[in-house]
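Heads up: the protein sequence lines correspond to chains A and B, in order.
If you count by this note's numbering, then the first sequence holds residues 7 to 514, one letter each, in order.
If you count by this note's numbering, then the second sequence holds residues 158 to 546, one letter each, in order.
Backbone N, C-alpha and C define an ideal beta-carbon position, used for all residues, glycine too.
Note that the coordinates shown come from a computational prediction; the quantities given were computed from them, not determined experimentally.
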Amino acid sequence: MAQYMLEMKNITKVFPGVKALDEVTLKVKEGEIHAIVGENGAGKSTLMNVLSGVYPYETYTGDIEFNGGECRFHRIKDSEAKGIVIIHQELALVPLLSIGENLFLGNERAKGITINWDETFGKADEYLKLVGLKESSRTLIKDISVGKQQLVEIAKALAKSVKVLILDEPTASLNEKDSKNLLDLLLQLKKQGMTSIIISHKLNEISYVADSITIIRDGSTVCEIEKKGEFNEDVIIKAMVGRELTNRFPQRIPNIGEIMFEVKHWFVHHPLNPERLVCDDINLDVKRGEIVGISGLMGAGRTELAMSIFGKSYGVGIQGETFILGKKVNLKSPQIAIEHKVAYVTEDRKGNGLILPQSVRDNTTLAKLSRISTGKTQRIDKDLEVQLSQEYIDSMGTKCSGQEQPVENLSGGNQQKVLIGKWLFAEPDILFLDEPTRGIDVGAKYEIYKLMNGMADEGKALIMISSELPELLGMCDRIYVMNEGKFVGEIDGKEATQEKIMSMMLKS
Amino acid sequence: MKKKVLSVLKDNTMLIALVAVMALFQLLITTGGNGSLLSAQNITNLINQNAYVIILAVGMLLCILTGGNIDLAIGSIVCLVGAAAGILIVTLGMNIYVAIVICLLFGTLLGAWQAYWIAYIRIPAFIVTLSGMLLFRGLGNLLLNGVTISPFPANYSRLFSSYIPTVSAGAFVVSLVVGLLAIGIYLFIEISSRNKKVKKGYDCEALSSMIVRMVFISAVILWFFNKLGQYKGIPVILVWVLVIVLSYNYFTSSTVQGRHFYAMGGNEKAAILSGINTNKVLFIAYTNMGFLAAISALVVASRFNSATPSAGTGFELDAIGACFIGGASAYGGSGTIGGCVIGAILMGVLNNGMSLLGIDANWQKAVKGLVLLAAVVFDIMSKKRAAKK
Numbered sequence: 007m008a009q010y011m012l013e014m015k016n017i018t019k020v021f022p023g024v025k026a027l028d029e030v031t032l033k034v035k036e037g038e039i040h041a042i043v044g045e046n047g048a049g050k051s052t053l054m055n056v057l058s059g060v061y062p063y064e065t066y067t068g069d070i071e072f073n074g075g076e077c078r079f080h081r082i083k084d085s086e087a088k089g090i091v092i093i094h095q096e097l098a099l100v101p102l103l104s105i106g107e108n109l110f111l112g113n114e115r116a117k118g119i120t121i122n123w124d125e126t127f128g129k130a131d132e133y134l135k136l137v138g139l140k141e142s143s144r145t146l147i148k149d150i151s152v153g154k155q156q157l158v159e160i161a162k163a164l165a166k167s168v169k170v171l172i173l174d175e176p177t178a179s180l181n182e183k184d185s186k187n188l189l190d191l192l193l194q195l196k197k198q199g200m201t202s203i204i205i206s207h208k209l210n211e212i213s214y215v216a217d218s219i220t221i222i223r224d225g226s227t228v229c230e231i232e233k234k235g236e237f238n239e240d241v242i243i244k245a246m247v248g249r250e251l252t253n254r255f256p257q258r259i260p261n262i263g264e265i266m267f268e269v270k271h272w273f274v275h276h277p278l279n280p281e282r283l284v285c286d287d288i289n290l291d292v293k294r295g296e297i298v299g300i301s302g303l304m305g306a307g308r309t310e311l312a313m314s315i316f317g318k319s320y321g322v323g324i325q326g327e328t329f330i331l332g333k334k335v336n337l338k339s340p341q342i343a344i345e346h347k348v349a350y351v352t353e354d355r356k357g358n359g360l361i362l363p364q365s366v367r368d369n370t371t372l373a374k375l376s377r378i379s380t381g382k383t384q385r386i387d388k389d390l391e392v393q394l395s396q397e398y399i400d401s402m403g404t405k406c407s408g409q410e411q412p413v414e415n416l417s418g419g420n421q422q423k424v425l426i427g428k429w430l431f432a433e434p435d436i437l438f439l440d441e442p443t444r445g446i447d448v449g450a451k452y453e454i455y456k457l458m459n460g461m462a463d464e465g466k467a468l469i470m471i472s473s474e475l476p477e478l479l480g481m482c483d484r485i486y487v488m489n490e491g492k493f494v495g496e497i498d499g500k501e502a503t504q505e506k507i508m509s510m511m512l513k514s
Numbered sequence: 158m159k160k161k162v163l164s165v166l167k168d169n170t171m172l173i174a175l176v177a178v179m180a181l182f183q184l185l186i187t188t189g190g191n192g193s194l195l196s197a198q199n200i201t202n203l204i205n206q207n208a209y210v211i212i213l214a215v216g217m218l219l220c221i222l223t224g225g226n227i228d229l230a231i232g233s234i235v236c237l238v239g240a241a242a243g244i245l246i247v248t249l250g251m252n253i254y255v256a257i258v259i260c261l262l263f264g265t266l267l268g269a270w271q272a273y274w275i276a277y278i279r280i281p282a283f284i285v286t287l288s289g290m291l292l293f294r295g296l297g298n299l300l301l302n303g304v305t306i307s308p309f310p311a312n313y314s315r316l317f318s319s320y321i322p323t324v325s326a327g328a329f330v331v332s333l334v335v336g337l338l339a340i341g342i343y344l345f346i347e348i349s350s351r352n353k354k355v356k357k358g359y360d361c362e363a364l365s366s367m368i369v370r371m372v373f374i375s376a377v378i379l380w381f382f383n384k385l386g387q388y389k390g391i392p393v394i395l396v397w398v399l400v401i402v403l404s405y406n407y408f409t410s411s412t413v414q415g416r417h418f419y420a421m422g423g424n425e426k427a428a429i430l431s432g433i434n435t436n437k438v439l440f441i442a443y444t445n446m447g448f449l450a451a452i453s454a455l456v457v458a459s460r461f462n463s464a465t466p467s468a469g470t471g472f473e474l475d476a477i478g479a480c481f482i483g484g485a486s487a488y489g490g491s492g493t494i495g496g497c498v499i500g501a502i503l504m505g506v507l508n509n510g511m512s513l514l515g516i517d518a519n520w521q522k523a524v525k526g527l528v529l530l531a532a533v534v535f536d537i538m539s540k541k542r543a544a545k546k
């Protein structure tokens with residue numbers, strides 16, 4: 007039995023209303039590459055944030071032992087002092103500073119208050135050589151590619167004399183060649199004795215580099231797998247998704263009609279990096295009374311697809327055609343999309359959906375003020391507004407002290423109801439629901455499901471994006487599987503299983 | 158009942174602060190034997206002195222609503238448009254109505270120039286209007302060639318700085334009649350809106366509290382016009398200010414376009430996804446600011462009976478201050494026309510009251526600065542306390 011270098015024991019972390027981690031255990035041996043695998047929201051990143059001190063000691067329960075001693079990290083500096091360095095998915099580099107300045111940010115090569123620039127850039131060049139990056143350390147971060155930036159992050163970790171390197175989905179935004187480079191670098195560092203923990207969705211990459219895997223599901227450790235020859239991907243997939251499907255979804259007898267909305271050959275490019283395709287030749291249709299699901303891992307391009315369709319509110323260089331009831335339409339702005347009775351219920355209700363300091367009433371009517379206004383001056387009939395918004399509050403079952411209550415004072419579930427109510431107020435026929443149950447409790451989820459079934463029964467066409475496979479299986483008549491900007495599969499709701507969908511995603 | 162009184166007080170904090178400040182000054186001024194803040198003549202002075210601030214603050218509020226954006230150039234627009242008015246009317250002797258229309262269009266155009274860069278190119282408003290501040294002031298002084306143009310013809314001055322009636326003999330009777338008329342219109346609007354609510358079966362407020370409010374407001378209106386009547390009558394500028402305030406109040410509180418301003422300032426991303434063209438909202442805000450600055454320029458030219466190179470200096474700060482004292486959020490999305498009018502009057506009363514007390518002009522500035530900070534601190538602290546609950 008090998009000695010463990012790092013052990014996290016019985017880690018439990020509770021956020022208001024949610025238990026993100028429940029008695030999670032992680033054991034990492036010295037000199038290995040250890041992979042952590044799990045669905046979106048399984049708790050991988052939370053666990054790593056506990057380890058690196060982003061969530062300080064005492065905000066969680068459980069023990070962390072490192073090299074035999076107990077650790078209590080109060081801040082990131084504490085864990086870095088022990089040699090535990092995390093590289094987040096969103097890189098923490100300052101774009102307008104040089105590589106060298108970034109390498110030693112917070113760790114400056116200085117005497118007193120004066121920075122020694124020769125040492126900074128000289129040392130930086132040495133570290134860059136170590137990670138195989140052929141750039142001058144005086145180059146600005148904004149001028150190098152994301153793949154190279156990832157290497158700079160690793161060099162930065164090395165500069166902190168790292169013992170355990172944690173990488174959170176390091177290849178998520180890299181192309182194949184850069185990914186391979188990065189993984190090879192990890193293998194090379196391993197030979198020099200470095201221990202790494204890698205969080206990844208990509209099973210082929212894990213098979214390539216990892217020595218052992220910890221699988222996390224719904225905030226608990228499911229199992230650990232040691233590498234003996236090859237990993238069995240089916241075993242991993244089963245462990246990731248193997249949840250009991252209980253009767254958490256209201257029954258509905260689908261009454262599906264003609265094709266309501268159709269998207270053909272849809273291409274979308276990334277707004278900041280126009281060469282990158284975010285949606286690649288997507289074909290989609292949804293029928294009257296149908297709930298269609300879009301499944302995919304984080305970064306697959308689901309939200310980007312929905313937003314680009316809804317009034318081109320995401321992306322550049324959008325190509326493709328949209329049809330409503332067989333008639334070609336150009337939904338070139340959100341206004342026009344709303345006029346064509348298309349609605350998009352955002353995944354980010356606080357950032358993109360609601361106006362938090364304003365009242366339930368103002369939020370409810372915002373997307374279709376024409377319903378309550380008259381005349382040339384577009385005068386708002388406030389009495390009518392009060393009456394109609396009450397109707398929506400009642401039909402959604404929103405719990406609020408009154409229409410005047412600012413939505414920021416409502417619970418997540420009630421905010422979500424206000425958001426959905428707002429879009430129902432716009433009287434759409436075609437609704438995109440992006441993660442409609444994210445961050446709300448089980449009871450509220452059930453109510454949202456019932457509302458969705460009600461909309462489908464009224465003959466609306468629903469497209470539901472969700473990271474929770476059981477939810478898609480429980481709600482959808484048909485499911486599209488998306489991965490890296492492409493639809494890689496389509497499956498009937500009745501035939502779909504979690505294993506089938508997950509393997510479509512991972513093996514594409 | 159107690160709760161209700163408290164909530165009425167809470168909704169009208171700035172109004173109560175204004176009344177308190179006025180009471181304090183009245184006490185200090187009368188005991189010191191310096192006349193009276195509330196004398197007929199001084200009330201008329203207050204109106205004449207502060208009309209331009211109210212007009213500008215109304216436009217500034219629209220800019221601030223879009224997301225805490227301000228317009229630093231309006232003082233310079235006042236100077237430049239005033240210079241144009243001086244040249245057209247005094248130097249060239251143009252028909253005053255034609256000249257006024259040209260000046261209003263000119264101001265709107267200057268506003269649109271800034272609005273284009275801010276709304277469609279998305280250059281920060283602070284930078285665009287700082288540039289406008291320098292640019293328009295420079296052009297204004299070039300037009301004036303560094304000298305003051307005066308005097309404006311009498312028929313021009315009459316448009317903005319005369320009184321109704323024009324002869325002071327019937328001032329009291331006319332004022333009283335207008336006051337009663339105003340009360341009549343006010344009561345009619347209140348009652349008919351209540352009737353409409355009752356007829357359609359909507360909720361409406363208790364009759365008792367409505368009557369209390371109507372009696373109170375009617376009394377204030379009557380007192381106010383009584384005071385005006387005791388001096389020269391109703392200042393024409395008051396009519397202009399009322400027309401502007403009431404129309405913009407209608408715009409912000411009761412129209413779809415007005416609602417878009419609040420939505421944009423509250424959360425621009427959500428507003429865009431709700432189908433609101435936020436570029437257009439910004440464009441309207443700054444173009445309109447130019448229009449109101451032009452009106453203000455005409456008013457100021459009439460009041461001082463001249464177009465001067467230094468006209469409008471510091472006006473932007475008065476308008477911004479009035480909005481923030483009146484409770485507009487520095488991040489946009491909240492604030493009312495009523496609030497910024499109260500803010501403007503409060504600033505005016507501070508100026509006027511301290512002048513009557515003979516306080517040094519530099520101290521006046523210092524006090525106003527502190528009041529501005531105090532008002533915003535108070536606003537933010539009370540919001541934080543509410544959030545904690």
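Closer than 8 angstroms to chain A by CB, residue i
i                      : result
residue 427 of chain B : yes
residue 430 of chain B : yes
residue 491 of chain B : yes
residue 419 of chain B : yes
residue 423 of chain B : yes
residue 354 of chain B : yes
residue 434 of chain B : yes
residue 271 of chain B : no
8 angstroms Cβ cutoff, residue i in contact with chain B
i                      : result
residue 14 of chain A  : no
residue 95 of chain A  : no
residue 78 of chain A  : no
residue 358 of chain A : yes
residue 364 of chain A : yes
Distance between beta carbons of residue j and residue i, contact taken as under 8 angstroms
i                      : j                      : result
residue 507 of chain A : residue 467 of chain A : Actually they do not touch by this definition, with Cβ atoms about 21 angstroms apart.
residue 39 of chain A  : residue 215 of chain A : 5 angstroms
Chain-ordered chain B contacts of residue i [CB-CB under 8 angstroms]
i                      : result
residue 392 of chain A : 359, 360
Buried versus exposed call for residue i [16 or more other C-beta atoms within 10 Å across all chains shown]
i                      : result
residue 271 of chain A : exposed
residue 254 of chain B : exposed
residue 417 of chain B : buried
residue 7 of chain A   : In this prediction, residue 7 of chain A has a pLDDT of 41, which is less than 50 and means its spatial position is unreliable; nothing more can be read from the coordinates.
residue 119 of chain A : exposed
residue 401 of chain B : buried
residue 538 of chain B : exposed
Simplified DSSP assignment, three categories, for residue i
i                      : result
residue 368 of chain A : helix
residue 443 of chain A : coil
residue 62 of chain A  : coil
residue 482 of chain A : coil
residue 19 of chain A  : strand
residue 289 of chain A : strand
residue 11 of chain A  : strand
residue 532 of chain B : helix
residue 332 of chain A : coil
residue 220 of chain A : strand
Contact list for residue i against chain A, beta-carbon separation under 9 angstroms
i                      : result
residue 223 of chain B : Within 9 angstroms Cβ-Cβ: nothing; residue 223 of chain B doesn't reach chain A, min ~13 angstroms.
Near the ligand ADP: residue i beta-carbon under 7 angstroms from a heavy atom
i                      : result
residue 338 of chain B : Among the ligands in the structure shown, none appear at all, so the ligand ADP cannot be discussed.
Short-range partners of chain E found in the region 343–357 of chain A, where Cβ spacing is below 7 angstroms
Among the protein chains in the structure shown, which are A and B, there is no chain E.
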